[in-house]
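Visitor: First to last, the sequence lines map onto chains A and B. This note's numbering numbers the first residue of the first sequence as 30 and each following residue consecutively. This note's numbering numbers the first residue of the second sequence as 30 and each following residue consecutively.
2 protein chains.
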Amino acid sequence: MSENIKIRAPATVANVGAGFDILGFALEGPYDELELSLVNGRGKAKFVSLEGYGKGKLPEDGKNLCAIAVQKVIDRLKIKDKDIEIKLKKGLPSSSGLGSSSASIVGALHGANKLLGKKLNETELLQIGIDCEAVYSGAHADNVAPCLLGGFVLVKSYEPLEIIKLGGVSGLHVSVCHPDFELETKKAREVIPKDVPLKNVIKNQSLLASLIYGIAKDDAALVARSANDYVVEPYRAPLIPGFGDVKKAALAAGAGSCSISGAGPAVFAFSLSQKEAEAVSRAMAGAFGKNGLGSRRYVSGIAKQGVHAI
Amino acid sequence: MSENIKIRAPATVANVGAGFDILGFALEGPYDELELSLVNGRGKAKFVSLEGYGKGKLPEDGKNLCAIAVQKVIDRLKIKDKDIEIKLKKGLPSSSGLGSSSASIVGALHGANKLLGKKLNETELLQIGIDCEAVYSGAHADNVAPCLLGGFVLVKSYEPLEIIKLGGVSGLHVSVCHPDFELETKKAREVIPKDVPLKNVIKNQSLLASLIYGIAKDDAALVARSANDYVVEPYRAPLIPGFGDVKKAALAAGAGSCSISGAGPAVFAFSLSQKEAEAVSRAMAGAFGKNGLGSRRYVSGIAKQGVHAI
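1) Can you find the residues in the same chain that come closer than 6 Å, C-beta to C-beta, to arginine 326 of chain A, ignoring five residues on each side of it along the sequence?
2) Taking Cβ-Cβ distances shorter than 9 Å, what residues in chain B pair up with phenylalanine 49 of chain A?
3) So, with DSSP's three-state summary, where would you put tyrosine 187 of chain A?
4) Using the rule of at least 16 other Cβ atoms within 10 Å of the residue's Cβ for burial, across every protein chain shown, is glutamine 334 of chain A buried or exposed?
5) Throw me the rounded Cβ distance for the alanine 174 of chain B and valine 182 of chain B pair, which I believe falls under 8 Å.
6) Might you give, ordered along the chain, the residues of its own chain that have their beta carbon closer than 7 Å to the beta carbon of glutamate 262 of chain B, omitting 5 neighbours on each side?
7) Let me know the secondary structure DSSP gives glycine 81 of chain B once reduced to three states.
8) Taking 9 Å as the threshold (C-beta atoms), are isoleucine 192 of chain B and leucine 155 of chain B in contact?
9) Strictly under 9 Å for the Cβ-Cβ distance: is tyrosine 242 of chain A near chain B by that measure?
10) Flag this pair as yes or no: are the beta carbons of alanine 245 of chain B and tyrosine 82 of chain A separated by less than 9 Å?
11) Rounded to whole angstroms, what's the CA-CA distance from glutamate 305 of chain B to phenylalanine 299 of chain B? Just pull it up for me.
12) For chain B, find out if any of its Cβ atoms is closer than 9 Å to the Cβ of serine 255 of chain A; answer yes or no.
13) Of all the options A/Ile331, A/Ala295 and A/Val230, which has the alpha carbon lying nearest to the alpha carbon of alanine 217 of chain A?
14) Check the DSSP bridge columns for lysine 194 of chain A and list the partner residues they point to.
15) Leaving out five residues before and five after phenylalanine 54 of chain B in sequence, what residues of the same chain have Cβ atoms less than 6 Å from its Cβ?
16) Give the straight-line distance between the Cα atoms of glycine 48 of chain B and glycine 48 of chain A, rounded to the nearest whole angstrom.
17) Using the beta-carbon of each residue, which ones in chain B are nearer than 8 Å to aspartate 13 of chain A?
18) Of the residues that make up the stretch 52-74 of chain B, which ones have a beta carbon closer than 9 Å to any beta carbon in chain A?
19) Would you give the residue range spanned by the beta strand (DSSP E) that phenylalanine 299 of chain A belongs to?
20) Need the endpoints of the alpha helix (DSSP H) that glutamate 305 of chain A sits in, please.
21) Closest to glutamate 89 of chain A by CA distance: which of A/Lys116, A/Pro267 and A/Pro189 is it?
22) Along the beta strand (DSSP E) that carries aspartate 112 of chain B, what are the first and last residues, could you check?
23) Quick one: using the 10 Å Cβ neighbour count with 16 as the cut-off for buried, is aspartate 248 of chain A buried or exposed?
24) Tell me which residues share the same chain as lysine 185 of chain A and place their Cβ nearer than 6 Å to its Cβ, disregarding the 5 neighbours each side in the sequence.
25) Mind reading off the beta-carbon distance from leucine 195 of chain A to valine 135 of chain A? Whole number of angstroms is fine, and I expect it under 8 Å.
26) If we call anything under 9 Å between Cβ atoms a contact, is glutamate 345 of chain A one with isoleucine 36 of chain A?
27) What is the residue span of the alpha helix (DSSP H) that proline 263 of chain B lies within?
28) For glycine 46 of chain A, collect the residues of the same chain with a Cβ closer than 7 Å to its Cβ; drop the 5 residues on either side in sequence, then sort them by chain order.
29) If you measure from the beta carbon of leucine 237 of chain B to each beta carbon in chain A, is any gap under 9 Å?
30) Relative to the C-alpha of glutamate 153 of chain B, which residue among B/Lys101, B/Ser123 and B/Ser129 is closest?
31) According to DSSP, is asparagine 33 of chain A helix, strand or coil?
32) Can you tell me which residues form a DSSP beta bridge with cysteine 287 of chain A?
33) Give me the Cα-Cα distance between glycine 291 of chain A and leucine 201 of chain B, rounded to the nearest whole angstrom.
34) Short of 8 Å Cβ to Cβ, which residues in the stretch 148-163 of chain B face chain A?
35) Check each candidate in B/Lys92, B/Asp104, B/Leu87 and B/Leu94 and name the one with the smallest Cα separation from glycine 72 of chain B.
36) 9 Å is my cut-off, CB to CB: does aspartate 274 of chain B come that close to chain A?
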């Protein structure tokens with residue numbers, strides 16, 4: 030006898046311009062899909078299969094983040110007589126800046142918790158998610174939280190962990206372009222200096238405040254022109270071939286603002302219509318192309334719903 | 030024949046925790062009062078008299094910021110056949126961190142513009158106000174803007190100047206304590222380094238985002254616990270004798286957060302009731318007292334209205 034569940038966990042954009050390490054949002058797509066089965070056993074997470082992105086690169090055993098996440102839920106709930114089998118279909122490439130590991134982790138956590146009677150609340154799942162995220166990169170919540178909760182999510186503080194759900198923004202369209210190029214989060218973190226110029230911090234604070242006010246007031250126009258970054262982007266931009274051209278192309282095609290998605294190399298931009306967002310994503314892909322890079326592009330609204338069963 | 034107007038221009042708190050140089054709000058009190066008279070003449074601002082704070086210290090001639098401000102309005106409107114006489118009653122001490130010079134400037138601008146037929150709009154007045162502010166200290170808008178517009182005001186950008194009126198927050202009470210001690214804005218600026226630690230910037234971003242979201246949602250409780258500052262306060266605190274004790278006392282008395290008002294030395298704290306705000310202000314004054322400083326204390330709501338005729 031077994032019980033079965035299918036889960037969809039969306040891509041997320043972290044940092045969102047000036048919101049380094051504290052702000053993220055969920056996309057409607059792309060996403061990872063997971064199938065989890067509860068079977069008789071001894072309290073083990075069993076990784077069964079991997080399809081899609083990461084095949085041949087990501088671990089297909091207990092070291093896969095999905096298995097680590099499921100095992101943490103099993104251990105936390107002291108389950109001794111059941112196993113959970115995991116099939117992962119990755120729609121998100123790794124090291125893309127689109128919250129690929131968070132999607133796998135959150136999908137696994139959500140699914141395992143549901144199969145085991147929903148005994149963990151959102152805060153507990155979030156904390157476990159951050160711990161899992163820290164296994165292969167630094168502990169940060171700005172992908173895990175929006176993947177779990179949907180919409181824009183603000184990390185008010187890390188110690189103690191406090192999250193504020195800011196919700197979606199109607200009429201805001203996101204263009205994402207992911208070049209054929211892997212950028213490790215670790216490397217993207219190493220280039221950021223410990224001290225940053227205050228004058229740039231002040232510019233970023235203005236932008237962040239405008240962004241948050243725009244989200245709170247459901248003002249897509251204000252949000253669209255507030256996702257720039259003068260503090261971290263200048264250090265990370267040189268790691269992404271053609272970034273300057275891509276940003277210029279996005280703005281020239283009508284985007285209100287454009288910045289690096291998470292730690293990169295994916296780049297995102299905000300627009301005010303689906304049509305414009307399509308044009309922006311084409312312009313971004315074109316600019317990567319001129320720099321010798323193929324890319325995948327996505328156009329999406331802000332997902333009001335985070336991870337969910339399908 | 031003469032025409033006469035009386036103006037009240039409120040104190041303002043700039044920086045507001047993490048909002049260095051970009052966020053400020055207006056208090057209901059204290060305030061400066063000005064009496065302006067339009068008389069026949071040759072297009073000159075004439076400073077007539079000064080009462081209250083600053084007597085014997087502030088210039089009582091054309092070098093007074095009120096006269097400089099009125100003259101700018103007269104010149105801008107190319108008035109050649111009238112003078113404006115200015116009587117200033119200062120309710121705000123200079124170099125206090127409560128926007129004293131901004132109040133005098135904005136009161137003068139508002140009054141002169143009204144006497145001359147309201148030909149300048151808010152943006153024009155704001156730009157002139159920033160120029161006047163720059164005569165004796167650096168150009169910044171986070172006192173001038175809330176004094177002019179009321180409520181909380183965000184400076185979205187300086188070039189070009191873009192201001193967002195965020196409005197008031199109901200149920201939010203402000204305690205302000207101003208010690209008998211002058212701190213020049215210039216000195217308070219000099220202690221801030223050009224580069225600041227990114228880890229503190231991240232903490233401040235979380236706080237600023239929470240503060241702005243709280244203001245946007247009229248959530249006094251969230252605002253009250255979000256006005257802290259890890260970026261600038263650590264450098265300025267040593268300039269204010271007893272600051273650490275005052276902050277501790279404010280928090281112990283029930284304040285949600287406490288920080289330096291503008292460039293100091295005044296300190297402000299947020300509470301959720303009038304009664305609590307009274308207790309907090311007494312505790313702050315007590316702590317300054319233990320450090321050998323007398324002080325004035327104020328309890329006020331956020332003023333929804335900025336400068337106005339009375």
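Using N, Cα and C, we set each Cβ at its ideal position, and we do this for glycine too.
Guide: Per the coordinate set shown:
1) Within the first sequence, numbered from 1, the residue matching residue 326 of chain A stands at position 297. Excluding sequence neighbours, arginine 326 of chain A sits near Cys206, Ser310 and Ala314.
2) Taking the first sequence and counting its residues from 1, one reaches residue 49 of chain A at position 20. The answer, in chain order, is Leu227, Val230, Ile231 and Gln234.
3) For the purposes of this step, residue 187 of chain A is taken as the residue at position 158 of the first sequence. Note: tyrosine 187 of chain A maps to coil in three-state DSSP.
4) Counting from one through the first sequence, the residue named residue 334 of chain A turns up at place 305. Exposed is the call here.
5) Here residue 174 of chain B refers to the residue found at position 145 of the second sequence. Here residue 182 of chain B refers to the residue found at position 153 of the second sequence. Alanine 174 of chain B to valine 182 of chain B, Cβ: 4 Å. Contact.
6) For the purposes of this step, residue 262 of chain B is taken as the residue at position 233 of the second sequence. The residues are Ser288 and Ile289.
7) Position 52 of the second sequence, counting from 1, holds the residue named residue 81 of chain B. In this structure, glycine 81 of chain B counts as strand in the three-state DSSP scheme.
8) Counting from one through the second sequence, the residue named residue 155 of chain B turns up at place 126. Counting from one through the second sequence, the residue named residue 192 of chain B turns up at place 163. Yes; because the gap between Cβ atoms is below 9 Å, this pair is in contact.
9) The count along the first sequence starts at 1 and reaches residue 242 of chain A at position 213. Tyrosine 242 of chain A counts as touching chain B.
10) The residue you call residue 245 of chain B lines up with position 216 of the second sequence. The residue you call residue 82 of chain A lines up with position 53 of the first sequence. Contact: no.
11) The count along the second sequence starts at 1 and reaches residue 305 of chain B at position 276. The count along the second sequence starts at 1 and reaches residue 299 of chain B at position 270. If you take the alpha carbons of glutamate 305 of chain B and phenylalanine 299 of chain B, they lie about 9 Å apart.
12) Working through the first sequence from its first residue, we reach residue 255 of chain A at position 226. Cβ-Cβ to chain B under 9 Å: yes for serine 255 of chain A.
13) Within the first sequence, residue 217 of chain A is the residue found at index 188, counting from 1. Nearest option by C-alpha distance: A/Ala295.
14) Residue 194 of chain A sits at position 165 when you count from the first residue of the first sequence. Lysine 194 of chain A has A/Val182 as its beta-bridge partners, per DSSP.
15) Position 25 of the second sequence, counting from 1, holds the residue named residue 54 of chain B. Correct list, in chain order: Val42, Pro175, Phe181 and Ile331.
16) As a first step, residue 48 of chain B is located in the second sequence; it is residue number 19 there, counting from the start. As a first step, residue 48 of chain A is located in the first sequence; it is residue number 19 there, counting from the start. About 14 Å.
17) Residue numbering for chain A in the displayed model covers 30 to 339; residue 13 of chain A lies beyond these limits and cannot be assessed.
18) Leu52
19) Here residue 299 of chain A refers to the residue found at position 270 of the first sequence. Taken as a continuous stretch (DSSP letters only), the beta strand (DSSP E) holding phenylalanine 299 of chain A covers 296-300.
20) Position 276 of the first sequence, counting from 1, holds the residue named residue 305 of chain A. Its alpha helix (DSSP H) spans residues 303-319.
21) Sequence index remark: in the first sequence, residue 89 of chain A carries index 60 (1-based). If we check each option's Cα against that of glutamate 89 of chain A, A/Lys116 comes out closest.
22) Taking the first residue of the second sequence as position 1, residue 112 of chain B is located at position 83. Counting along the chain, the beta strand (DSSP E) containing aspartate 112 of chain B begins and ends at 111-119.
23) What you label residue 248 of chain A is simply residue 219 of the first sequence in a count that begins at 1. Under this definition aspartate 248 of chain A is a buried residue.
24) Stepping through the first sequence from its first residue, residue 185 of chain A is reached at position 156. Closer than 6 Å at the Cβ level, and outside the excluded window around lysine 185 of chain A, lie Glu191 and Ile193.
25) Stepping through the first sequence from its first residue, residue 195 of chain A is reached at position 166. Stepping through the first sequence from its first residue, residue 135 of chain A is reached at position 106. Actually they do not touch by this definition, with Cβ atoms about 18 Å apart.
26) Outside the shown range of chain A, which is 30 to 339, sits residue 345 of chain A, and nothing can be said about it.
27) What you label residue 263 of chain B is simply residue 234 of the second sequence in a count that begins at 1. 262-265 is the span of the alpha helix (DSSP H), which, as asked, contains proline 263 of chain B.
28) Within the first sequence, residue 46 of chain A is the residue found at index 17, counting from 1. Excluding residues within five positions, the ones whose Cβ falls inside 7 Å are Leu236, Leu240, Ser255, Ala256, Asn257, Asp258, Ser286 and Ser288.
29) Your numbering for residue 237 of chain B matches position 208 in the second sequence. For leucine 237 of chain B, the answer is yes, since a Cβ of chain A falls inside 9 Å of its Cβ.
30) Working through the second sequence from its first residue, we reach residue 153 of chain B at position 124. Taking only the C-alpha atoms, the option nearest glutamate 153 of chain B is B/Lys101.
31) By 1-based counting over the first sequence, the position of residue 33 of chain A is 4. Looking at asparagine 33 of chain A - three-state DSSP - the assignment turns out to be strand.
32) What you label residue 287 of chain A is simply residue 258 of the first sequence in a count that begins at 1. In DSSP, cysteine 287 of chain A forms a bridge with A/Ala298.
33) Working through the first sequence from its first residue, we reach residue 291 of chain A at position 262. Working through the second sequence from its first residue, we reach residue 201 of chain B at position 172. Taking the CA atoms as reference points, glycine 291 of chain A sits about 35 Å from leucine 201 of chain B.
34) none
35) Taking the first residue of the second sequence as position 1, residue 72 of chain B is located at position 43. When each option's Cα is compared against that of glycine 72 of chain B, the closest is B/Asp104.
36) One-based indexing of the second sequence puts residue 274 of chain B at position 245. Not closer than 9 Å to any Cβ of chain A, the Cβ of aspartate 274 of chain B fails to qualify, so no.
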